[in-house]
Amino acid sequence: MTNNKQIINIKSLDNSLALMHEGYLFIKNRVDRHQSNFFQVKLFMQDVICMSGREAAALFYDTNRFQRYDAAPKRVQKTLLGLNAIQSMDGQAHIHRKNLFLSIMALPKQKQLAEIFIYEWQESIIKWESLNNVVLFNEVEYILFRAACRWAGVPFMESEVKQRAEDFGAMIDAFGGVGLRYWKGKKARTRAEKWIKEIIIDVRSGKIKTEQGSTLHEMTFYKDINGSQLDVQMAAIELINVLRPIVAIATYIVFSALALLEHPEYYKKLKSNEENFLDMFVQEVRRYYPFTPFIGAKVINDFDWNNCYFKKGTLVLLDAFGINHDSEIWEKPNEFSPERFRNWNGDLFNFIPQGGGDSAKGHRCPGEGITIELMKISLDFLVNKIEYKVPQQDFSYSLARIPTLPNNKFIINNVKRVY
2 MTNNKQIINI KSLDNSLALM HEGYLFIKNR VDRHQSNFFQ VKLFMQDVIC
52 MSGREAAALF YDTNRFQRYD AAPKRVQKTL LGLNAIQSMD GQAHIHRKNL
102 FLSIMALPKQ KQLAEIFIYE WQESIIKWES LNNVVLFNEV EYILFRAACR
152 WAGVPFMESE VKQRAEDFGA MIDAFGGVGL RYWKGKKART RAEKWIKEII
202 IDVRSGKIKT EQGSTLHEMT FYKDINGSQL DVQMAAIELI NVLRPIVAIA
252 TYIVFSALAL LEHPEYYKKL KSNEENFLDM FVQEVRRYYP FTPFIGAKVI
302 NDFDWNNCYF KKGTLVLLDA FGINHDSEIW EKPNEFSPER FRNWNGDLFN
352 FIPQGGGDSA KGHRCPGEGI TIELMKISLD FLVNKIEYKV PQQDFSYSLA
402 RIPTLPNNKF IINNVKRVY
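Here the sequence shown stands for residues 2 to 420, where the numbers follow the working numbering.
Pasting the structure below:
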């Protein structure tokens, strides 16, 4: 890659259709083609700066230069994130609310969730033993939903699980969707917000009793930086922003199962977990397989950086997928190799599947530790706790589709417990 940091202006008509056709590779394709980590294109009928690489990530997470307010399109807020939620906050107000999320997801809370998650896996496996086929993605979404709600203290009926879990999934699936996918995501959010709002109203009225310290209790009675309780709508949105990302871990778990299938040479190391190989394998799944395509922010004020000019109000997209596949950062980035994480130094900007920087001060996902823990538990079940067959199916996934999954959502059968 050239050392020239000047932003290349790619002259063309609006590239929105190209983004839809290229998906995860949209930014990386142009970085490779123009041999520059910084370029400007027309997207969504506006000038957008796209950037990649470790230096770009470190710059992007400078909160004095970039803000999240007004960066996420309303269509994304109306499906995936919720309107005016924590992802669109900045400054001290953001840090104040982020501290709530960090406390909810601190290590002791992670351990509680892990115990519940293990129980839900065990209960589900009993059912799977009697099924002809198990669609792993769907079933893991249900497991994650049950575990997340029980952990958070959110009441639900078993008859609701399928619809509620699939609603969370539809919000996630709508991120890069148009037409029917977007409509499904929007309807799903409306249903989910209505459900959670009713619960919060019942908690505040005393109809539902909560345990102090539970996610439901803390979110229901949280006060913002001005000392005001969140209105019911915002409290519901933020509670969903705890539950929905946990359900989203189903994508990583399915890609973990695919990695096991595609790389049986690692099975023995995973079974013995020598050298903490489980941790390395999970991190490589998060690096190698597609999850977050890019992250958006807006320039706060005009500034120059290494011969690059950033104009106030410009939308900037950071190439999360491309950074995780950058040959300047990773040796042979298109090969699946868990060993690369044996001596990884924990750099906050060269590995950003769930965002970069300091999670306490910026917008890195506060639930990253939960993601890793639940992935490890799931891998342990797939390797050590059950035996299963993988029938012939379509394992391919499209990088043009955001988000993406193996086309058949990974089907298994002949499931048997071995614990």
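The C-beta atom is built at its ideal place from N, Cα and C for all residues, glycine as well.
Which of helix, strand or coil DSSP assigns to residue i
i	result
residue 48	strand
residue 3	Residue placement at residue 3 is flagged as unreliable, the pLDDT there being 45, under the threshold of 50; a coordinate-derived value is accordingly withheld.
residue 41	strand
residue 69	coil
residue 330	coil
residue 172	helix
residue 356	strand
residue 412	strand
residue 345	coil
residue 13	coil
residue 113	helix
residue 394	coil
residue 21	helix
residue 230	strand
Rounded straight-line distance, which links the Cα of residue j to that of residue i
i	j	result
residue 158	residue 142	16 Å
residue 195	residue 170	17 Å
residue 127	residue 420	12 Å
residue 193	residue 150	13 Å
residue 108	residue 10	45 Å
residue 292	residue 176	11 Å
residue 90	residue 388	46 Å
residue 34	residue 28	10 Å
residue 358	residue 59	7 Å
residue 288	residue 32	19 Å
residue 15	residue 87	30 Å
residue 179	residue 270	42 Å
residue 376	residue 12	43 Å
residue 241	residue 208	21 Å
residue 237	residue 191	11 Å
residue 404	residue 383	24 Å
residue 94	residue 225	7 Å
residue 121	residue 371	16 Å
residue 394	residue 8	44 Å
residue 125	residue 165	17 Å
residue 380	residue 390	15 Å
residue 4	residue 79	The predicted position of residue 4 is uncertain, since its pLDDT is 43 and thus under 50; no value can be drawn from it.
residue 163	residue 36	47 Å
residue 392	residue 69	44 Å
residue 140	residue 302	47 Å
residue 353	residue 321	6 Å
residue 245	residue 189	12 Å
Residue from the options whose Cα sits closest to the Cα of residue i
i	options	result
residue 337	317, 281, 308	281
residue 117	104, 134, 146, 131	146
residue 223	346, 182, 105	105
residue 350	323, 396, 16	323
residue 335	234, 285, 371	285
residue 378	148, 78, 26	148
residue 306	30, 17, 39	39
residue 239	221, 251, 371, 261	221
residue 248	327, 168, 18	168
residue 153	74, 123, 69, 214	214
residue 114	164, 373, 418	373
residue 232	137, 166, 330, 198	198
residue 407	297, 252, 296	252
residue 98	265, 235, 386	235
residue 103	415, 343, 414, 361	361
residue 300	294, 130, 318	318
residue 267	339, 119, 320	339
Heavy atom of the ligand GTP within 8 Å of residue i beta-carbon
i	result
residue 29	What this structure holds is no ligand at all, so the ligand GTP is not there to describe.
First through last residue of the beta strand (DSSP E) which encompasses residue i
i	result
residue 309	309-311
residue 222	Where residue 222 is concerned, there is no enclosing beta strand (DSSP E), although the alpha helix (DSSP H) it sits in stretches over 216-222.
residue 305	304-306
residue 388	387-390
residue 316	316-319
residue 79	Where residue 79 is concerned, there is no enclosing beta strand (DSSP E), given that its DSSP letter is neither H nor E.
residue 198	Counting along the chain, residue 198 falls outside any beta strand (DSSP E), though it belongs to the alpha helix (DSSP H) covering 181-206.
residue 297	296-300
Start and end residues, alpha helix (DSSP H) containing residue i
i	result
residue 278	278-289
residue 263	233-263
residue 92	92-105
residue 141	137-153
residue 55	55-61
CB contact below 9 Å: residue i versus chain B
i	result
residue 87	Checking the listed chains, one finds no chain B in this structure; it contains a single protein chain.
Review point. Is the region 58-72 touching the region 18-33 in the sense that three or more CB pairs, one from each, lie closer than 8 Å?
Key: no
Check your understanding: Using 8 Å as the threshold, is the region 248-256 in touch with the region 269-278, meaning 3 or more CB pairs across them?
Key -> no
**Study point:** Touch test, the region 46-53 against the region 198-206, Cβ-Cβ under 8 Å, three pairs minimum
**Key:** no
Check your understanding: At a cut of 8 Å, does the region 77-95 reach the region 172-192 through at least three beta carbon pairs?
Key -> yes
Check your understanding: Between the region 305-321 and the region 42-51, do three or more beta carbon pairs fall short of 8 Å?
Key -> yes
Exercise for review: Examine the Cβ distances between the region 360-369 and the region 391-410 and report whether three or more of them are shorter than 8 Å.
Suggested key: no
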